[in-house]
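Working notes for the structure below.
Numbering (the working numbering), first residue to last: 270 to 448.
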């Protein structure tokens, strides 16, 4: 917890200039996200962040809390208005430890050999500016995925099917504040 508070204090101190923004939100899945963005142009900003949401990260059918570290690209629509929209693309890594167990399927046995997964997220948000620097509350709809490799052995054909790419994810409605 002390690392999260230290990181939050550091991000807030860095956001004192008008080109620096921090977005914090909580979602219904449950989960949270903290993103730092630097505005490159009037309509484009880039940054990075951390998040943690509870979702199906692999094919085991269990919803688990999964933290992620990501790079962020945001496209701002109507940046001069009080009512703004923005969309974002996040690419990064989900951080988790795999349990290395084998799962029996109908016609085979599957195994996820690696820890962690590739994180990708898309989202669309509405922001209502309320402060002089452009901060205010926002609501967003996010789609995020965990991409991972599955090794399968087919009982029917008695052959290994190596490298099946699988994606599991969820949608999240979240509310937050832009600082």
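For every residue, glycine included, the Cβ atom is placed at its ideal position computed from N, Cα and C.
The C-alpha of residue 298 is placed about 8 Å away from the C-alpha of residue 442.
For residue 427, the closest C-alpha among the options 400, 335, 386, 376 is that of 376. Within 10 angstroms of the beta-carbon of residue 409 lie 16 or more other beta-carbons, which makes it buried. The DSSP-derived three-state label of residue 275 is helix. Judged by their CB atoms, residue 444 and residue 407 are nearer to each other than the 9 Å cut-off. Bridge pairing for residue 382: absent [DSSP]. Under the three-state reduction of DSSP, residue 362 is assigned to strand.
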